[in-house]
Amino acid sequence: MQSTEIVKTAQRQAVLDDARRAMEICNACRYCEGYCAVFPAMEQRRAFSDSDLNYLANLCHNCRGCYYSCQYAPPHEFNLNIPKTFQKLRAESYEQYAWPGPLARLFHRNGLIVCMATALGVAGVLLLTMLLQTSDILFAAHSGPGAFYAVIPYELMVGLASLTFGYAIVALTGGAIKYWRDAGPGTEGSVSWSTLWQAFQDAATLKHLGGGTGEGCAYPDEAFSNIRRVFHHFMFYGFMLCFAATSVATIYDHVFGWVAPYGWFSIPVILGTVGGMGLLIGPAGLVWLKFKADDASAEKNLMGMDVAFLALLFLVSLTGLILLVIRETPAMGIALAIHLGFVLTLFLVLPYSKFVHGIYRSAALVRYAIEMKNAKPSGE
Amino acid sequence: MVDLTKNYDALVIGGGNAALCAAITAREQGCSVLLLEHAPRHFRGGNSRHTRNLRCMHDEPTDVLTDAYHEDEYWDDLMRVTKGVTTESLARMTIRASAEVTPWMVERGVRFQPSLGGTLNLGRTNAFFLGGGKALVNGYFATAERLGIDILYDTEVRNLKIRDGVFQSADVISKGFPYTVTARNLVCASGGFQANLDWLKESWGPAADNFIIRGTSYNKGRMLRVLLDNGVTSVGDPKQCHAVAIDARAPQFDGGIVTRLDCVPFSIVVDRDAQRFYDEGEDFWPKRYAIWGRLVAAQPDQIAYAIIDAKCIKLFMPSVFPAIESDSIAGLAEKLGLDVAALEKTVADYNAAVQPGTFDNSILDNCATDGLTPPKTHWARKIEDGPFYAYPLRPGITFTYLGVKVDAEARMVMANDQPSENMFASGEIMAGNILGQGYLAGLGMTIGTVFGRIAGKEAAKNAKH
Ligand SMILES: Cc1cc2nc3c(=O)[nH]c(=O)nc-3n(C[C@H](O)[C@H](O)[C@H](O)COP(=O)(O)OP(=O)(O)OC[C@H]3O[C@@H](n4cnc5c(N)ncnc54)[C@H](O)[C@@H]3O)c2cc1C
Ligand code: SF4
Ligand code: SF4
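For the record, the sequence lines run as chains A and B.
Each position in the first sequence, counted from 1, maps to that position plus 2 in this note's numbering.
Each position in the second sequence, counted from 1, maps to that position plus 570 in this note's numbering.
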């Protein structure tokens, strides 16, 4: 245990040192200053502390604009590859900020862990359902209000969902606090409504995936394109719509006493269906781009984390939509159990998956907004 | 597959800005075009891949330039740096044409930073490439491919067959195999000869062994030599090059912009024997950095060291290699391999000569030495606050001045003062027509863009006859 910790630190140090070297070269060059937030933030400093580097790495979207443009990219002897260097550092930072600390190791071989957690989660819920219900109930067609709860009791379903979701919130908050303490603005300035609003806009529009001119980034290859931004929007807004669907359903249930399932044209179902589509198109598109992408600037070892999380989102959505379609047939019981298995796993792994990038990047954008508000002109 | 047995309308030699502008223009006018680049794909783009911006005239603000920069001011700037060694008709034509280039560039894949950014506050006179020159070159190559220009990397033109000022064919080595290529027109955009150490030695002697080449290693001047040997008229001083003082730890080639050092005005600069040799505070650095390349080249072993103390370290842009640091001057001397006593004496003499003054690095301030030879006339402050820092300096060669003479149609001018029928030149290889000496930031790319377009157009006209 002790010795793996030391190895870990040495590895993290090597990644940090490489990032520091890279930023020192860029800071003497600055040709890429128009691409994204990383470069203007870099220009505010002469020296780069570990915390600064963690912040800059989490500002980077891995858009690769600065890789293809770099006259020092390999095989040049300076061997500069900013997106790859930052991708590695981000992965290190996810471990560093994981909450609780000992679970940081879930980020090692994260793709495998997320897959196994998903398998166990789905199998577990299925098994539980089988144990709870006799097969005549499980395989009967149910309809009308409370149909789902005939298969999985209301209290159990709500209880499990609240527990796992609640845990995710707590663990993500723990991580966010650790991040903010280490790589937040410190004494640079404080959060205000205007900086929050700026960061919110940057995050919501993925402004920095626009490559500075809005033409997009060098992804999946050297040509500039907005395709990654588009797929990410499908995914993100799909996710938000699904979240909204669940929230509306909760209000229906608790406030109005209207019990699920809801009709085809009810608000929760419409939101969930549209969002679910987004969650199919977005993740599928992003995975497709990943495999299509020129891998010069990607760290192969870290692809598992991205792909596993995207696949999980895709499957949550797919099983949800299947459930919607077959909810009046005898297959509903099994479909419900499977969907629930995916959803609960998603909640559980959120704090230990690629999902955290959203939290840290948003936090980095807030710091960026603060920093730019107080910015001294670059170039000193 | 590129068919090298074909008789192309235009053969373009080079893979930098000037070559690409010519190739794209000729292709757009319907020519079949073959572009040969000596470098492999990774290192394509010559010196152009290291550039930051180009200088453009404009009478009112544009999307990429602020305010206005009129023809007369541009011309005055050019006169100032060249001291009149220019060809007025070509220079003015270039300045006027520069007003139209940015939209043309954008349509062909170049992207600019919005005018309000820009590290050097040059947003008024110069338009900055988003991502720098390599991004520009990438954009042009993508356009060239889309237009159907035949492109070969790793292909060096070794010799040209020219008869009576008319280009016939080129001997090339493509990926190790020899070919002879024929074309109706030749556009030569193969840069200067600064990467050819033997040639540099003809002017500089063995000192050239210690020169660092800031840009590509592929600009060896082979085409320039062949053209001059075949009766093309030369322009520019064969012994001159644009040399700046850069960090001595830079790689031999392709170190580019990041090896630049801006610390000299705040320092004292000593040679191998720990002696000062020139006024470090003579003028603002942008006006002096080109002189310092030559100064360092004239010192023994072509090496010098700029020495500053803690209060100056944040006054200039960071550079790529960290400063060499020590708590004492003696410690610094040891790290630099200089004579300890000699450096201590030089610093002590300098400190003793520094007069009181009000330091201000935004003006030519009144901080100067008294009774010191050579003097330091501005920004002179005692070197007394540790830690002390040093940067080693060597001459860094940007480009050479010798080139081929051209006319307003970018045609090479032959010994009898007649323009060649089918040979055109663009870029660094003909920049000497306009920049006879000195340098104006951003003019290199402007010349390549303007003359590249002209060469492409004229070659296309020729091809149609
Ligand atoms: C570090 C640095 C920064 C600079 N910054 C700026 C700037 O910001 N703005 C500016 O205006 N200028 C700048 N310059 C100057 C600028 O680079 C040149 O003026 C400009 O790039 C010249 O373009 P070109 O196409 O003529 O030559 P290059 O871009 O050098 O292209 C010459 C090409 O010819 C090829 N070649 C040579 N010989 C052969 C052969 N025999 N066969 C086949 N191919 C051959 C080379 O491989 C190369 O691709 C800078 C120069 C350096 C070194
Ligand atoms: S990535 Fe390369 S070109 Fe871009 S700023 Fe850094 S060193 Fe310069
Ligand atoms: S990869 Fe893209 S987002 Fe990351 S630093 Fe480079 S330009 Fe910025």
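Using N, Cα and C, we set each Cβ at its ideal position, and we do this for glycine too.
With a threshold of 7 Å, establish whether the CB of R66(A) neighbours any heavy atom of ligand 3. yes
List the residues of chain B that R48(A) touches, going by C-beta distances under 7 Å, in chain order. K884, P888
Does L605(B) come out as helix, strand or coil in the three-state DSSP assignment? strand
Where are the beta strand (DSSP E) runs, 3 residues long or more, that stay fully inside the region 892 to 955 of chain B, in chain order? 894 to 896
Distance, Cα to Cα, N1032(B) vs V1020(B)? 18 Å
Cβ-heavy atom distance between I999(B) and ligand 4 below 7 Å? Because ligand 4 does not appear in the structure shown, any question about it cannot be addressed here, the ligands present being ligand 1, ligand 2 and ligand 3.
Would you check whether ligand 2 has a heavy atom nearer than 7 Å to the C-beta of Y74(A)? yes
In DSSP terms, what E726(B) is bridged to: I743(B)
Between which two residues does the alpha helix (DSSP H) containing N60(A) stretch? 52 to 61
Pull up the CB-CB distance for Y875(B) and V840(B), whole angstroms please, since I reckon it's below 8 Å. 5 Å
When every heavy atom of ligand 2 is checked, does at least one fall within less than 7 Å of the C-beta of S71(A)? yes
Please return the same chain residues whose Cβ sits closer than 8 Å to the Cβ of I894(B), not counting the five positions on each side in sequence. L902, K905, L906, Y959, A960, Y961, P962
For A655(B), I'd like the list of residues in its chain whose CB is within less than 7 Å of its CB, leaving aside the five on either flank, ordered along the chain. The displayed chain sequence assigns Val, not Ala, to residue 655(B). Cβ within range, chain order: G1006, Q1007.
Which parts of the region 785 to 820 of chain B are runs of the alpha helix (DSSP H), unbroken and 4 residues or longer, counting only runs that do not cross its ends? 792 to 799
Give a single yes or no on whether H63(A) has its beta carbon closer than 7 Å to a heavy atom of ligand 3. yes
Could you tell me whether the Cβ of H78(A) comes closer than 8 Å to any Cβ of chain B? yes
Any non-hydrogen atom of ligand 3 closer than 7 Å to P892(B) Cβ: no
Specify, as a first and last residue, the run of the beta strand (DSSP E) that N1032(B) falls within. Run containing N1032(B): none in the beta strand (DSSP E); it sits in the alpha helix (DSSP H), 1013 to 1034.
Mind checking whether the beta-carbon of S602(B) lies closer than 7 Å to any heavy atom of ligand 1? no
Under 8 Å: do the region 804 to 814 of chain B and the region 844 to 852 of chain B share three or more Cβ pairs, one atom per stretch? no
So if I threshold CB-CB distances at 7 Å, which residues from the region 24 to 35 of chain A count as touching chain B? E26, I27, N29, A30, C31, R32, Y33, C34, E35
Does the beta-carbon of A365(A) have 16 or more other beta-carbons within 10 angstroms, so that it is buried, or is it exposed? buried
For A712(B), return the contacting residues in chain A, with the cut-off set at a CB-CB distance below 9 Å. E224, A225
Under 7 Å (Cβ pairs) to chain A, residues found in the region 612 to 624 of chain B: H612, R619, H620, R622
Verify the CB distance criterion: does P835(B) have a CB-CB separation below 8 Å to chain E? Among the chains of the structure shown, chain E does not appear; the protein chains present are A and B.
Do you know whose CA, among M25(A), A286(A), V271(A), lies nearest I433(A)'s CA? This structure cannot speak to residue 433(A), because chain A is shown only from 3 to 382.
Does the Cβ of C626(B) lie closer than 7 Å to at least one heavy atom of ligand 3? no
Could you tell me the alpha carbon to alpha carbon distance between K375(A) and N64(A), rounded to whole angstroms? 25 Å
Could you pull the start and end residues of the beta strand (DSSP E) that R842(B) belongs to? No beta strand (DSSP E) contains R842(B), which DSSP labels as neither H nor E.
Measuring from the CB of E726(B), is there a heavy atom of ligand 1 at a distance below 7 Å? yes
Report back the beta-carbon spacing between A43(A) and Y370(A) to the nearest angstrom; my notes put them in contact at under 8 Å. 6 Å
If the cut-off is 8 Å on Cβ atoms, which residues from the region 49 to 74 of chain A count as contacting chain B, listed in chain order? G67, C68, Y70, S71, C72, Q73, Y74
What is the DSSP secondary structure of Y37(A), counted as helix, strand or coil? coil
C-beta neighbour in chain B for G214(A), strict 8 Å: yes
Can you grab the Cα-Cα spacing for the pair G277(A) / Y70(A), in whole Å? 35 Å
Tell me whether N708(B) sits in a helix, a strand or coil according to DSSP, three-state version. helix
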